[in-house]
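S.K.: Here's a structure for you.
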Amino acid sequence: MKDKRILYVSSEVVPYLPETEISSASFEAPRLVNQQGGQIRIFMPRYGNINERRHQLHEVIRLSGINLVINDLDMPLIIKVASIPKERIQVYFIDNDEYFKRKATLTDEDGKLFSDNDERAIFFAKGVIETVKKLNWSPDIIHVHGWLASLLPIYLKEYYKDEPLFNESKIVTSIYNQSFNNTLNKDMVNKIKFDNINEDAIKTLEEPSYNNLMKVAIDYSDALIVGSENIPDDLDAYLKASDKPILEYKSKDEFGEAYTTFFNNTVLG
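Position 228 of the sequence shown, counting from 1, maps to 228 under full-length UniProt numbering, and the rest follow consecutively.
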C-alpha cells in the first residue's frame, strides 16, 4: 500500500470509543496501511462522550467555519483533530453543537435511537467530503465503516459527482452485524431528496432500517468487505446479487494480508 492514499470514514474508532468490531477495525485497518507506507486520514463524529482533554482534541480553525445545509437549515461545521498515541495517525472529528454535543453516541440512556440520527448521518457525510476538499487531498480509496457513515457513498457519487478531487477514488464499504432495531426518522428520505439526490436511488430509504441503509451504501460502493462473521441474511443475499468485488470475512490473523491483496489487486488493480 506504499504511497497509496486511503480515507477512512467511520462511525467509531478506538481509542476514542469503546472496543467493538467496527471501532477496532477502524483502527487496525489504517494502522496496517500506515505501517506499509500508505498515507491515511481517519474521520469520525465528535460525540459529546469523547473526552477532549484526555485525547487532546483541538479545533482546526482553517478547516472549521463552513455551514452545511441540512434539510434547509444552516448547520455550522466544526473540525477537531487528535493524534493516536504511538501510531503517528491523525484523526479528524466532525462536530456541530446541535448534533454532537450531547453526552452519548447514537442512543439515549434508555437505548432509544436519537430522533435526529438521520440528519446526523447526512451532516457527517457532507462534513467529511467538504473537509477533504479543503485539505485538497485526493484519496485512492475511501473505506466506510458503520451505518452512521453509510450515506457517504451516495453523497459522493450523486451530490458531489462533479467534484474532480474524487474522480479516481474507489469506495469500499465494510458490512457489519452491528445494527439497530426499528428505523431512523421516516422523514429521512425527504431530507436526502432536498439535496436533489436521485429519487429512485433512495426509494428503499422510505423504510430507513439498518439493512436498507446498508443496501444504499452497497449500491454506491465499488467494492465491499464483510466485516462480521455473520451478517443479516437479507444483506448477505443483497451483497451476493450486487455483482461487485467482495472480500469475505477474515479473522484478525488473516486480515492483514487479505486486505492488502484485495486493495492492491482488486480495488485498484
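By construction, the Cβ of each residue, glycine as well, lies at the ideal position given by its N, Cα and C atoms. All figures in this text were calculated on a predicted structure; none of them were measured in a lab.
Any idea if Ala241 is buried or exposed, counting beta-carbon neighbours within 10 angstroms, 16 or more meaning buried?
M.R.: exposed
S.K.: In three-state terms, what does DSSP make of Val69?
M.R.: Under the three-state reduction of DSSP output, Val69 falls in the strand class.
S.K.: Which residues mark the beginning and the end of the beta strand (DSSP E) in which Phe194 is found?
M.R.: Premise fails: Phe194 is in no beta strand (DSSP E) and is neither H nor E.
S.K.: Taking the C-alpha atoms as reference points, what is the distance between Leu224 and Asn196?
M.R.: 26 Å
S.K.: Secondary structure at Gln90, three-state DSSP: helix, strand or coil?
M.R.: In the structure shown, Gln90 sits in a strand (DSSP, three-state: E or B).
S.K.: Please list, in chain order, all residues of the same chain as Val144 whose beta carbon is under 6 Å from its beta carbon, the five residues on each side excluded.
M.R.: Val9, Leu152 and Thr173
S.K.: Tell me which same chain residues have a C-beta within less than 8 Å of the C-beta of residue 326, skipping the five on either side of it?
M.R.: With the chain covering only 1 through 269, there is no way to say anything about residue 326.
S.K.: Once you ignore the five residues that flank Asp234 on each side, which residues in its own chain have a CB closer than 8 Å to its CB?
M.R.: Asn211
S.K.: Which residues in the same chain have their Cβ closer than 8 Å to the Cβ of Lys133, if we skip the five residues on either side of it in sequence?
M.R.: Glu163 and Leu165
S.K.: Is Arg53 helix, strand or coil by DSSP?
M.R.: helix
S.K.: State the DSSP-derived secondary structure class of Gln35, mapped to helix, strand or coil.
M.R.: helix
S.K.: Could you tell me which residues DSSP pairs with Met44 in its beta bridges?
M.R.: Phe93
S.K.: Can you tell me the Cα-Cα spacing of Pro30 and Lys2, whole angstroms?
M.R.: 12 Å
S.K.: For Ile218, which residues in the same chain have their Cβ closer than 7 Å to its Cβ, ignoring the five residues on either side in sequence?
M.R.: Thr173, Leu224, Tyr238, Leu239 and Ser242
S.K.: If we count the other Cβ atoms within 10 Å of its Cβ and call it buried at 16 or more, is Pro76 buried or exposed?
M.R.: exposed
S.K.: Give me the residue from Asp222, Asn117 and Ser11 with the minimum Cα distance to Leu156.
M.R.: Asp222
S.K.: When DSSP builds the beta bridges, which residues end up paired with Ser10?
M.R.: Answer is His145.
S.K.: Can the beta-carbon of Ile79 be found less than 8 Å from the beta-carbon of Glu119?
M.R.: Result no, Cβ atoms of Ile79 and Glu119 do not sit closer than 8 Å.
S.K.: Taking all protein chains shown into account, decide if Ser251 is buried (16 or more other Cβ within 10 angstroms of its Cβ) or exposed.
M.R.: exposed
S.K.: Which stretch, first to last residue, makes up the beta strand (DSSP E) that contains Val172?
M.R.: Lys170 to Ile175
S.K.: Can you look up Ser64 in the DSSP assignment and give me helix, strand or coil?
M.R.: coil
S.K.: Could you spell out the range, first to last residue, of the alpha helix (DSSP H) harbouring Ala237?
M.R.: Ala237: member of the alpha helix (DSSP H) spanning Asp233 to Ala241, first to last residue.
S.K.: What is the residue span of the alpha helix (DSSP H) that Ala104 lies within?
M.R.: Careful: Ala104 lies outside any alpha helix (DSSP H) and carries neither H nor E.
S.K.: Within 10 Å of its beta-carbon, does Pro139 have 16 or more other beta-carbons around it, so buried, or fewer, so exposed?
M.R.: buried
S.K.: Can you tell me whether residue 277 is helix, strand or coil according to DSSP?
M.R.: What is shown of the chain runs 1 to 269, which leaves residue 277 out entirely.
S.K.: Here's the rule I'm using: 16 or more other beta-carbon atoms within 10 Å means buried, otherwise exposed. How should Ile61 be labelled?
M.R.: exposed
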